[in-house]
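Just so you know, the protein sequences line up as chains A and B, in that order. Take 1 as the starting number for the first sequence in this note's numbering and just add one per residue. Take 1001 as the starting number for the second sequence in this note's numbering and just add one per residue. For every residue, glycine included, the Cβ atom is placed at its ideal position computed from N, Cα and C.
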Amino acid sequence: GAGVSQTPSNKVTEKGKYVELRCDPISGHTALYWYRQSLGQGPEFLIYFQGTGAADDSGLPNDRFFAVRPEGSVSTLKIQRTERGDSAVYLCASSLMASSNEQFFGPGTRLTVL
Amino acid sequence: RKEVEQDPGPFNVPEGATVAFNCTYSNSASQSFFWYRQDCRKEPKLLMSVYSSGNEDGRFTAQLNRASQYISLLIRDSKLSDSATYLCVVSRVGSYIPTFGRGTSLIVHP
Chain A
1 GAGVSQTPSN
11 KVTEKGKYVE
21 LRCDPISGHT
31 ALYWYRQSLG
41 QGPEFLIYFQ
51 GTGAADDSGL
61 PNDRFFAVRP
71 EGSVSTLKIQ
81 RTERGDSAVY
91 LCASSLMASS
101 NEQFFGPGTR
111 LTVL
Chain B
1001 RKEVEQDPGP
1011 FNVPEGATVA
1021 FNCTYSNSAS
1031 QSFFWYRQDC
1041 RKEPKLLMSV
1051 YSSGNEDGRF
1061 TAQLNRASQY
1071 ISLLIRDSKL
1081 SDSATYLCVV
1091 SRVGSYIPTF
1101 GRGTSLIVHP
């Protein structure tokens, strides 16, 4: 079956602009995670959803970052007033439930803020 | 001190060699442990879970040492295709948020 998909694969934007990153999880997976990965580092947790609700958003760096999952499937990560320091690969992962051992990652969106 | 620490490497080994990586974690309440593999510019993929009794999957063996708070990954008979970054992942009791280490880079050469 289809894996986790993310769009766009690459996004170049200018400082101060607004961006939206989309994640389409594996069908039937109720848990969805967003991570950010910088070069030479491991994925850094941002937020996770169990169903439609954000179960934990403690990893969001500040209030410029927001994520939604209105129907419990597709999720959108929204970044306002982008800064150069936001440049990274944004990874989405899904699992059957939050308690599941294995997370399945999407290919990521490479965000570059000029 | 970081919650999960790994030596970034790179570990440069010839084909057929045995190589081992360690990963230390700081929170004694950690209860779930995993190794993920990440190829260059690709997404992480689960390699194996790490159980208290240790576990083996073909050429790969994972061990947990709770007393010293580290997990290890041993790769026997290294293949060129084992070249990748190996990420250590730890979750605390009652938390569904995994913490990833920065990864250890392995390069297997002919």
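CB contact flag (residue i, residue j, <9 Å)
i, j, result
"tyrosine 90 of chain A", "isoleucine 1097 of chain B", "no"
"threonine 82 of chain A", "leucine 111 of chain A", "yes"
"glycine 28 of chain A", "threonine 52 of chain A", "no"
Endpoints, beta strand (DSSP E) assigned at residue i
i, result
"glutamine 1006 of chain B", "1004-1006"
"proline 1044 of chain B", "1044-1050"
"serine 1068 of chain B", "Taken as a continuous stretch (DSSP letters only), serine 1068 of chain B belongs to no beta strand (DSSP E), as it is neither H nor E."
Nearest-angstrom Cα separation, counted from residue j out to residue i
i, j, result
"phenylalanine 1034 of chain B", "isoleucine 1071 of chain B", "9 Å"
"lysine 78 of chain A", "glycine 1009 of chain B", "34 Å"
"valine 1013 of chain B", "phenylalanine 1060 of chain B", "16 Å"
"arginine 36 of chain A", "serine 1078 of chain B", "30 Å"
"aspartate 136 of chain A", "serine 1105 of chain B", "This structure does not reach residue 136 of chain A, given that chain A is present from 1 up to 114, and the question cannot be answered."
Cutoff 9 Å: residue i Cβ touching any chain A Cβ
i, result
"threonine 1099 of chain B", "yes"
"arginine 1001 of chain B", "no"
"valine 1004 of chain B", "yes"
"glycine 1054 of chain B", "no"
"serine 1032 of chain B", "yes"
Residue i at chain B interface by Cβ criterion, 9 Å
i, result
"glutamate 71 of chain A", "no"
"asparagine 101 of chain A", "yes"
"glycine 42 of chain A", "yes"
"phenylalanine 65 of chain A", "no"
"glutamine 80 of chain A", "no"
Interface partners of residue i on chain A, CB under 9 Å
i, result
"leucine 1047 of chain B", "Going along chain A, no residue has its Cβ under 9 Å from leucine 1047 of chain B, so there is no contact; the nearest lies around 10 Å."
Chain-ordered neighbours of residue i on chain B, where CB pairs are closer than 7 Å
i, result
"aspartate 56 of chain A", "Ile1097"
Beta-carbon neighbours of residue i, restricted to chain A and to distances below 7 Å
i, result
"glutamate 1043 of chain B", "Leu91, Phe105, Gly106, Pro107, Gly108"
Heavy atom of the ligand SAM within 8 Å of residue i beta-carbon
i, result
"aspartate 57 of chain A", "Among the ligands in the structure shown, none appear at all, so the ligand SAM cannot be discussed."
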